[in-house]
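Asks: Sharing a structure here in structure tokens format.
Chains as they are written, first to last, in the UniProt record's numbering: chain A, 1 to 321; chain B, 1 to 306.
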């Protein structure tokens, strides 16, 4: 039994991350998979959620905003609200125009949030980050494993909730309009559906879900810092969605599991194989290979591992316009 | 105040040169190329390596500066070779990746450029390492152009003056190219209406190649100038990407002259904002510019329609 403990605790740890990522990827899937919105600033919206929840729930920091000590649930709701509000600002500016503008604007907000996270000492703790973010269940359970297992259960419950809610949403008339706009905007417009309003709703809901994922992350790690939300995070989340198959919520969850598994395994392997001094270079090479893989996937297998199923209301015909 | 304006114009010139390439890619190929910033970085680093090779051949320890500038003739040659290298990278990228995706949805091209940017940036960091470096460690004395008692005075280094002059010369050259040469006219025609241009006998594939080459050459010049006046970092292209987009959108995306104007405005805005919001938030200025222009005048200053 004792020999099993490390494995068990690593597995819980790993699965908590997978379920947090899966929540975020589900939000991204609503935007890209079902509405065709290209969000390059996922890490930014996740960061907003993580910081919001941390500030709302954490104890008093000297010389900083905070000390509200609110329950974790309030933090999570707050995270969804602030991420949603940020999405509203970006969406109102960019969603009336061609897709490229959303890509550029979300790229911009992610960079700006990174700057605020690093420099706004009074709000985000700057380079030190926010420590002592409350971790639920640590007092109820004496052991770390117990607490982590309970948190995993919470994450899985939230993941299931988000999954069911989004599945209902995309199967509802609202979801059908989203797909209709994605496939043929002019046709949808001529049926009296205002594309901008539907896109904006989808974008805001998706970003709110990403904020929730950020909050889940913050309360598990117990610490929030700017370097947790670098552009590489956005890229990993995109890889999860594309590998799993956009337009399919099951694919999104599977993608989170597969990509995070491959990423941690290859990262561990790299650490074992490369000498200490060359690790930064090795990590760079890891990203190069995955960037090439993403491009290759677009060229040869644009629908991902699973992809959108035919006969779900939307035709699975994608890519061509 | 005057000093901030001068600094802003120097940064703005670099941004303008980069944004012209970005906006041309958008006009001809119709997608926002997130990999364009990496062409600046690769151009700058290719010049660095070429400089090393030239110095090794000449057996010199370091460049003998061409007075009053901080660099010698070796850097000029190295930059020219780097232009060829960057153009080759752009053409290979187009051949392997973008040309295969051209007939699908435009957004696929954007995603592909995102992946390509990531691969190129990290490959650069893998090859050259993460530590910032310089072409030349010569110290330059700034020339006082305006005495200190007039609006805080203005001092500028010869290198910075060269940046301004080169940017202006490039823009004039580009204008002559686009209005006087057959290829330039073909490019403008393709930007306006690719189908009609093809029917009228324009070699659209040739135009696309020319677009990549010009974009890459301008990117290399911008990258080398950025490396010369600031420093060389692997994130050089990534950090400039947002200002480039801001300049292109501000001027009216697809509009070459708009990109130049936009670049100068973005450079000035960044520089003038520093005393207000602090140097650490400098990079956020571009984001605010983008949001503001999209809300107020989404077609850009010189754009007509979207």
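Just so it is clear, CB atoms sit at the ideal spot from N, CA and C, and this is done for glycine as well. Computed from a predicted model, the values in this text were never measured in an experiment.
In chain order, which continuous runs of the alpha helix (DSSP H) of length 4 or greater are located wholly inside the region 15-90 of chain B?
Replies: 36-58
Asks: Kindly list, in the order they appear in chain B, the residues whose Cβ is closer than 8 Å to that of residue 82 of chain A.
Replies: Correct list: empty, because the minimum Cβ distance to chain B is about 17 Å.
Asks: How long is the line joining the alpha carbons of residue 314 of chain A and residue 34 of chain A, rounded to whole angstroms?
Replies: The predicted model places residue 314 of chain A with a pLDDT of 40, which falls under 50 and marks its position as unreliable, so this point remains unresolved.
Asks: Going along chain A in order, which residues have a C-beta closer than 8 Å to the C-beta of residue 100 of chain B?
Replies: 299
Asks: Using a cut-off of 8 Å between C-beta atoms, extract the partners of residue 16 of chain B located in chain A.
Replies: In chain order: nothing, as chain A lies at least about 18 Å away.
Asks: Around the Cβ of residue 39 of chain A, are there at least 16 other Cβ atoms within 10 angstroms (buried) or fewer (exposed)?
Replies: buried
Asks: Which of the three DSSP states, helix, strand or coil, is assigned to residue 133 of chain B?
Replies: strand
Asks: Quick check on DSSP: helix, strand or coil for residue 155 of chain B?
Replies: Strand.
Asks: Do residue 270 of chain A and residue 282 of chain A have their CB atoms nearer than 8 Å?
Replies: yes
Asks: Residue 224 of chain A bridges to which residues according to DSSP?
Replies: A:130
Asks: Leaving out five residues on either side along the sequence, give the residues of the same chain with a beta carbon under 8 Å from the beta carbon of residue 201 of chain B.
Replies: none
Asks: Of all the CB atoms in chain B, is at least one closer than 8 Å to the CB of residue 101 of chain A?
Replies: At least one CB atom of chain B sits nearer than 8 Å to the CB of residue 101 of chain A.
Asks: Just how far apart, CA to CA, sit residue 3 of chain A and residue 102 of chain B?
Replies: 55 Å
Asks: Tell me whether residue 1 of chain B is buried or exposed, calling it buried when 16 or more other Cβ atoms sit within 10 Å of its Cβ.
Replies: exposed
Asks: To the nearest angstrom, how far is it from the Cα of residue 52 of chain A to the Cα of residue 95 of chain A?
Replies: Distance between the alpha carbons of residue 52 of chain A and residue 95 of chain A: 25 Å.
Asks: Which residues in chain B have a C-beta closer than 9 Å to the C-beta of residue 39 of chain A? List them in chain order.
Replies: Within 9 Å Cβ-Cβ: nothing; residue 39 of chain A doesn't reach chain B, min ~11 Å.
Asks: Less than 8 Å separating the beta-carbons of residue 39 of chain B and residue 82 of chain B?
Replies: no
Asks: Using a Cβ cut-off of 7 Å, pull out every chain A residue sitting near residue 284 of chain B, in sequence order please.
Replies: 112, 115
Asks: Note down, in chain order, each residue of its chain lying with its Cβ closer than 6 Å to the Cβ of residue 113 of chain A, except the 5 sequence neighbours on either side.
Replies: For residue 113 of chain A, where only same-chain residues beyond five positions count, the Cβ hits under 6 Å are 44, 47.
Asks: Anything in chain B within Cβ reach of residue 108 of chain A, meaning under 7 Å, just list it in chain order.
Replies: 242, 286, 287, 290
Asks: Decide if residue 193 of chain B is buried, meaning its Cβ has at least 16 other Cβ atoms within 10 Å, or exposed.
Replies: Residue 193 of chain B counts as exposed, since fewer than 16 other C-beta atoms from the protein chains shown sit within 10 angstroms of its C-beta.
Asks: Is the beta carbon of residue 149 of chain A within less than 7 Å of some heavy atom of the ligand COA?
Replies: In terms of ligand content, the structure shown is empty, and the ligand COA therefore cannot be addressed.
Asks: Tell me, which residues are paired with residue 144 of chain B by DSSP?
Replies: B:155
Asks: For the structure I just gave you, are there three or more beta carbon pairs, one from the region 60-69 of chain A and one from the region 98-105 of chain A, closer than 8 Å?
Replies: Too few Cβ pairs lie closer than 8 Å, so no.
Asks: Specify, as a first and last residue, the run of the alpha helix (DSSP H) that residue 185 of chain A falls within.
Replies: 185-190
Asks: Assign residue 74 of chain B to one of two classes, buried (16 or more other C-beta atoms within 10 Å of its C-beta) or exposed (fewer than that).
Replies: buried
Asks: Using C-beta distances below 6 Å, list every residue in its chain close to residue 27 of chain A, excluding the 5 sequence neighbours before and after it, in chain order.
Replies: Answer for residue 27 of chain A: 206, 209, 210, listed in chain order.
Asks: Along the alpha helix (DSSP H) that carries residue 253 of chain B, what are the first and last residues, could you check?
Replies: For residue 253 of chain B, no alpha helix (DSSP H) encloses it, and the DSSP letter there is neither H nor E.
Asks: Skipping 5 residues on each side, what residues in its chain have a beta carbon closer than 8 Å to that of residue 258 of chain A?
Replies: Only 240, 243, 244, 305 meet the Cβ criterion.
Asks: Can you check whether the CB of residue 271 of chain B is closer than 8 Å to the CB of residue 243 of chain B?
Replies: No Cβ-Cβ contact shorter than 8 Å links residue 243 of chain B with residue 271 of chain B.
Asks: Apart from the five residues just before and just after residue 184 of chain B, which ones in its own chain have a Cβ nearer than 6 Å to its Cβ?
Replies: 177, 178
Asks: Can you list the residues of chain B that residue 235 of chain A reaches, using a CB-CB cut of under 9 Å?
Replies: In chain order: 114, 115, 118.
Asks: Would the region 3-13 of chain B count as touching the region 257-275 of chain B if we require 3 or more Cβ pairs under 8 Å?
Replies: yes
Asks: By Cβ distance below 6 Å, which residues in the same chain neighbour residue 94 of chain B in space, the five residues on each side in sequence not counted?
Replies: 212
Asks: Could you tell me whether the Cβ atoms of residue 223 of chain A and residue 133 of chain A are closer together than 8 Å?
Replies: yes
Asks: Could you spell out where the alpha helix (DSSP H) holding residue 32 of chain A opens and where it closes?
Replies: Looking at the DSSP string, residue 32 of chain A is not in any alpha helix (DSSP H), and its letter there is neither H nor E.
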